[in-house]
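Report on the following structure.
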Amino acid sequence: MSISPLQKVRYEYAPKLPGMLRNGIADICVKEGAETQSVADQEKIKALFPNTYGKKEITFQKGANTSETKKQVVGVILSGGQAPGGHNVICGLYDALKATNKDNVLYGFKGGPSGLIEDDYLIFDDEYINQYRNTGGFDIIGSGRTKLETKEQFAIVAEVCKKHGITAIVIIGGDDSNTNAAVLAEYFAANNTGVQVIGCPKTIDGDLKNEDIECSFGFDTATKTYSEIIGNIERDSNSAKKYWHFVKVMGRSASHVALECALQTQPNVCLISEEVAEKKMSLAQITNYIADSVAARAAKGMNFGVAIIPEGVVEFIPEFSVLIHEINELLAGSKADAFNALATWAEKYAFIENGLTKESMAVFALLPEAIQQQLFLERDPHGNVQVSLIESEKLFSALVKENLAARKAAGTYNGKFSPLHHFLGYEGRCAFPSNFDADYCYSLGYNAFMLIQYGYNGYLSKVSNLSKPANEWVAGGMPITKMMNMERRHGEDKPVIKKALVELDGAPFKYFEERRAEWAENTCFVIPGAIQYFGPTEVCDTTTMTLALEQAK
Ligand code: FBP
234 MSISPLQKVR YEYAPKLPGM LRNGIADICV KEGAETQSVA DQEKIKALFP NTYGKKEITF
294 QKGANTSETK KQVVGVILSG GQAPGGHNVI CGLYDALKAT NKDNVLYGFK GGPSGLIEDD
354 YLIFDDEYIN QYRNTGGFDI IGSGRTKLET KEQFAIVAEV CKKHGITAIV IIGGDDSNTN
414 AAVLAEYFAA NNTGVQVIGC PKTIDGDLKN EDIECSFGFD TATKTYSEII GNIERDSNSA
474 KKYWHFVKVM GRSASHVALE CALQTQPNVC LISEEVAEKK MSLAQITNYI ADSVAARAAK
534 GMNFGVAIIP EGVVEFIPEF SVLIHEINEL LAGSKADAFN ALATWAEKYA FIENGLTKES
594 MAVFALLPEA IQQQLFLERD PHGNVQVSLI ESEKLFSALV KENLAARKAA GTYNGKFSPL
654 HHFLGYEGRC AFPSNFDADY CYSLGYNAFM LIQYGYNGYL SKVSNLSKPA NEWVAGGMPI
714 TKMMNMERRH GEDKPVIKKA LVELDGAPFK YFEERRAEWA ENTCFVIPGA IQYFGPTEVC
774 DTTTMTLALE QAK
């Protein structure tokens, strides 16, 4: 790849560390806090993590470094979907490791967790790492979605560590990867391998957060990138005054991304999956809600608007999830072959009509044909419908269109409705990290090395007080077991870090709820523009509104 002028200049950006990490390695000491316990199911989690449970929360502060001086050989992996700033986590880790002892070594295992199992690695040096400073993407070593979760895999990882003399592994990932980091840490401790495991909180989805982790990295840059695009679409819509734009945004089950984009851009409509679930909203109710905004604006002569749709929303619509469940049953095992052997869509439709309950068939019949067919085309490796691939932005615009036609027939609506569709996801995952993510990620990596150096195992690198300037950020570590509870996964009770969904009584949703009626009928668009890397701090160093509102409490 060639280097763009921006990339060249961004190489020179010096990420800001929390004040307490700025004095040089020799001046960083540990302050231990209280012993911890898991957020729920304490006895069960304690029994599953006898060696790593209940450890103390720690913070770093200025003071003489008392850590053991031994050569560190650290391995790092990137796990799951890309998130802006991942390269800086590795740069921070590398810089702290080399500043502590130039003989320390950093291995990067390639392609995600599978790189660790397959012993596929590179060894970082200045020349290699300098090409990736403050850049987006995960191509520094690649990422993957293999899960590190079985004892057999752990035994292989232990062997790989032994072979290279690795003293610690850093896992940069989301809730599942950090859950697995805790299980691996316990395995290493139980087997006296002497290898430590440290996690770092990553995901653009923003659903890895709790009372200890204020936000996952990447959320800031990704939502600012999507908001820039949505703002531009709003301006286009306000200029042309002829289209309704339906914009689906990534985020899996959680609607943090949709909500943050709505807070930044003030669209006419934004669905929040968690609210749909809480209020058990039906397809018809959601459709009506959007159509009300279209009709109210049309009555004021505005046949244009913007609606944001979170990618996971259909899973939360009760009758839709029953339909998906029935389709999965209908095509289970060899029944899929019989279905696929049918030559025409009419024959397939008859097969479906025979197999679904009356209620689900009624929901199915409501869907546009393209969506009906999608439900049967895209299957995951287990043969299930891939809900995230359903084009919900098209689904809702088609349903709204029908709804408006009925209103027109009844004489209650007399506007024009021309929908356009967008899906924003991959556009934001590898953007140049905002200053916030560049600083936060570098700090997470630097801090991860300090946790290693001080001998901690099964900890998540924690940097908090993030709505304040970086100088006031607080660096430390939290035992991962503190964030765990037991949940039913694939028919078994498992210890996991709880996924954070949008809280309907939380400040960000409340802020949105208080204003959305006004946004629905009027044009209150906000155009945030592109992420700025140079310039006034109030433009370049702002956090997300979600973080600002949550921290303002
Ligand atoms: P992570 O959960 O691994 O951080 O990935 C998040 C995400 O970007 C989701 O928003 C999206 O649904 C998914 O990854 C897409 O996955 P893939 O990259 O495999 O297409």
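The opening residue of the sequence shown carries number 234 in this note's numbering; numbering runs sequentially from there.
For each residue, glycine too, the CB sits at the ideal point set by N, CA and C.
Quick caveat: nothing in here was measured; it's all calculated off a predicted structure.
- The region 693 to 778 contains, as complete beta strand (DSSP E) runs of 3+ residues, the segments 707 to 712, 717 to 722 and 725 to 730 (chain order).
- Per DSSP, the continuous alpha helix (DSSP H) segment holding Q605 begins and ends at E602 to L610.
- A583 has its alpha-carbon roughly 51 Å from the corresponding atom of D353.
- Residue burial annotation: S347 is buried, with at least 16 other C-beta atoms found within 10 angstroms of its C-beta.
- For E511, the closest C-alpha among the options G661, I550 and S300 is that of I550.
- Excluding its 5 nearest sequence neighbours in each direction, D336 has C-beta neighbours in its own chain below 6 Å: K304, listed in chain order.
- One alpha carbon belongs to E720, the other to Q275, and they sit about 13 Å apart.
- Between Y675 and P248 a beta carbon distance of about 4 Å is seen, short of the 8 Å cut, so the two are scored as contacting.
- Distances between the C-beta of T436 and the heavy atoms of the ligand FBP include at least one below 6 Å.
- According to the DSSP assignment, Y354 belongs to the beta strand (DSSP E) that extends over Y354 to I356.
- When Cβ pairs closer than 8 Å are counted between the two stretches, the region 328 to 345 is seen not to touch the region 425 to 434, the count staying below three.
- Residue range K289 to K295 is occupied by the beta strand (DSSP E) that includes T292.
- Taking the C-beta atoms as reference points, L575 is found nearer than 7 Å to K581.
- For E268, the CB contacts under 6 Å within the same chain, skipping 5 residues up- and downstream, are G287 and K289 in chain order.
- If you check the CB distance, H489 and V735 come in under 7 Å.
- Of the other Cβ atoms in all chains shown, fewer than 16 fall within 10 Å of the Cβ of V242; this residue is therefore exposed.
- Short of 6 Å from the beta carbon of W706, and not among the five residues preceding or following it, lie these beta carbons of its own chain, in chain order: P251, V696 and N698.
- In this chain, the beta strand (DSSP E) harbouring S312 covers V306 to S312.
- Shown here, S376 sits in a strand according to DSSP, grouped into three states.
- Distance from the CA atom of N363 to the CA atom of F745, rounded to whole angstroms, is 41 Å.
- Between the ligand FBP and the CB of M253, the shortest heavy atom gap is not smaller than 6 Å.
- For E548, the CB contacts under 8 Å within the same chain, skipping 5 residues up- and downstream, are S486, S506, S554, I557 and V620 in chain order.
- For the pair G369 and F650, the CB atoms are not nearer than the 7 Å cut-off.
- Rounded to whole angstroms, the gap between the alpha carbons of V546 and E783 is 23 Å.
- In the displayed model, Q429 falls within a strand according to three-state DSSP.
- For I446, no alpha helix (DSSP H) encloses it, and the DSSP letter there is neither H nor E.
- For G325, no beta strand (DSSP E) segment is defined; the enclosing uninterrupted segment is the alpha helix (DSSP H) at G319 to T333.
- Not one heavy atom of the ligand FBP lies closer than 6 Å to the C-beta of R722.
- In the DSSP assignment, F479 falls outside any alpha helix (DSSP H) and lies within the beta strand (DSSP E) extending over W477 to V482.
- At least one heavy atom of the ligand FBP falls within 6 Å of the beta-carbon of M483.
- Short of 6 Å from the beta carbon of L563, and not among the five residues preceding or following it, lie these beta carbons of its own chain, in chain order: G588.
- Taken through DSSP and simplified to helix, strand or coil, P346 comes out as helix.
- With respect to F282, M253 sits apart: the two C-beta atoms are not nearer than 7 Å.
- Around K264, the same chain offers T292 and Q294 as residues with beta carbons nearer than 6 Å, after the five sequence neighbours per side are excluded.
- Between the alpha carbons of E447 and A280 lies a gap of roughly 28 Å.
- For G407 and A316, the gap between their C-alpha atoms comes out near 10 Å.
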